[in-house]
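Heads up: the structure comes next, in structure tokens.
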Amino acid sequence: METALFVAWFEECARLVRADRDRLTRLDAAIGDADHGTNLDRGFTEVLKALADSAPGSEAEVLTTAGATLIRRVGGASGPLYGSLFRQMGKALESPVTLAAFAAAFEEGVVAVERLGKAALGDKTMVDALAPASRALALAVRDGVGVRQALDQAARAAAEGSKATIPMQARKGRASYLGERSIGHEDPGAASATLIMAALAGVAG
Amino acid sequence: MVGLVLVSHSAGLAAEAAALARGIAGEDAPVAAAGGTADGGLGTSLDLIEAAVRDVDRGVGVVIIPDLGSSVLTARLLEEDGRVVVADVPFVEGAIAAAVAAGAGAPLADVLEAAEEARAFRKL
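Chains as they are written, first to last, in our numbering: chain A, 1 to 205; chain B, 1 to 124.
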């Protein structure tokens, strides 16, 4: 897994988020403040600009640049959360980037998100997609699965985790103010986390 | 004096809360507002908060008081042990209590404690 793959990951993130911008915003309109799609679209567009301007020389640098840009440019809660995910991954990533190194860095990134948002599995947040993806990566490493198949499994785990948020009652963020009315809607953060994992599986193929 | 940064999703709310806090605590209290996104929308800007922290930093600590959601998450990214602290307090009451304590020259721990006391303050 090399630098170009990580740049391609963010290009694909930007493309998928833009394509699904209105769906993300509709999900957020149901239980949030209806800006998730537009916020992330702006954030990832800025990430691509920052990557083009700084021409990062390593995988870790791509991740920390993307993370810092999301923190500064998104404007909503997903900015510091995704920003922390990528920044912490960048800090933790060891070279050469094997699947095992990537899985370990990803797990640290997810822990950073859980810590900052004080969210755990079942709270109806992006963690419900990210944590299963992280577990799928760890299992793939344990089983000696190839990179492409491992990332496919992680993307699938994220998608299943996101769908599993539909019957949940939110305990974090604006949706938590809705109480039981948050039940029956997919969490927009889990939905965007699914796109991010799908983007990685897509470019690794 | 300890500096105070008020972070709200709304630029107007942060600015008015800061004006209210200065009005009650005195103009000397270093209170800055960092509300909304960099382009004036609803949300949070790390750049605006960082600039506000620099603005009120007199070298004895800065307390950030966020309102909710992304304000809290973004503010927490700036935490520095013993230097930049995020207070988990009600926005208006905490801001005024902290500003009064800061304006009176209290050290960081006492400013934080004053802000924390605002959480238990009963109006009725």
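Glycine included, every Cβ here is placed at the ideal spot set by N, Cα and C.
Below-8 Å beta-carbon distance, residue i vs any chain B residue
i, result
"residue 142 of chain A", "no"
"residue 21 of chain A", "no"
"residue 174 of chain A", "yes"
"residue 71 of chain A", "yes"
"residue 116 of chain A", "yes"
"residue 80 of chain A", "yes"
"residue 43 of chain A", "no"
"residue 75 of chain A", "yes"
Rounded Cβ spacing between residue i and residue j (contact assumed at less than 8 Å)
i, j, result
"residue 99 of chain A", "residue 140 of chain A", "7 Å"
"residue 10 of chain B", "residue 44 of chain B", "So it is not a contact: roughly 10 Å between Cβ atoms."
"residue 116 of chain A", "residue 76 of chain B", "6 Å"
"residue 182 of chain A", "residue 170 of chain A", "4 Å"
For residue i, the three-state DSSP class (helix, strand or coil)
i, result
"residue 161 of chain A", "helix"
"residue 87 of chain B", "coil"
"residue 45 of chain A", "helix"
"residue 203 of chain A", "helix"
"residue 74 of chain B", "helix"
"residue 55 of chain A", "coil"
"residue 104 of chain A", "helix"
"residue 166 of chain A", "coil"
"residue 40 of chain B", "coil"
"residue 4 of chain B", "strand"
Nearest candidate by alpha-carbon position, reference residue i, set the options
i, options, result
"residue 7 of chain B", "B/37, B/22 and B/27", "B/37"
"residue 58 of chain B", "B/17, B/109, B/49 and B/29", "B/29"
"residue 97 of chain B", "B/63, B/84, B/81 and B/75", "B/63"
"residue 85 of chain B", "B/117, B/111 and B/13", "B/111"
"residue 68 of chain B", "B/87, B/120, B/19 and B/103", "B/87"
"residue 31 of chain A", "A/173, A/82 and A/195", "A/173"
"residue 42 of chain B", "A/18, A/73, A/23 and A/68", "A/73"
"residue 195 of chain A", "A/17, A/54, A/108 and A/6", "A/17"
CB of residue i within 8 Å of CB of residue j, strictly
i, j, result
"residue 208 of chain A", "residue 28 of chain A", "The question about residue 208 of chain A has no answer, for chain A in this structure spans 1 to 205."
"residue 122 of chain A", "residue 197 of chain A", "no"
"residue 95 of chain B", "residue 65 of chain B", "yes"
"residue 126 of chain A", "residue 193 of chain A", "yes"
"residue 128 of chain A", "residue 103 of chain A", "no"
CB contact below 8 Å: residue i versus chain A
i, result
"residue 8 of chain B", "no"
"residue 23 of chain B", "no"
"residue 76 of chain B", "yes"
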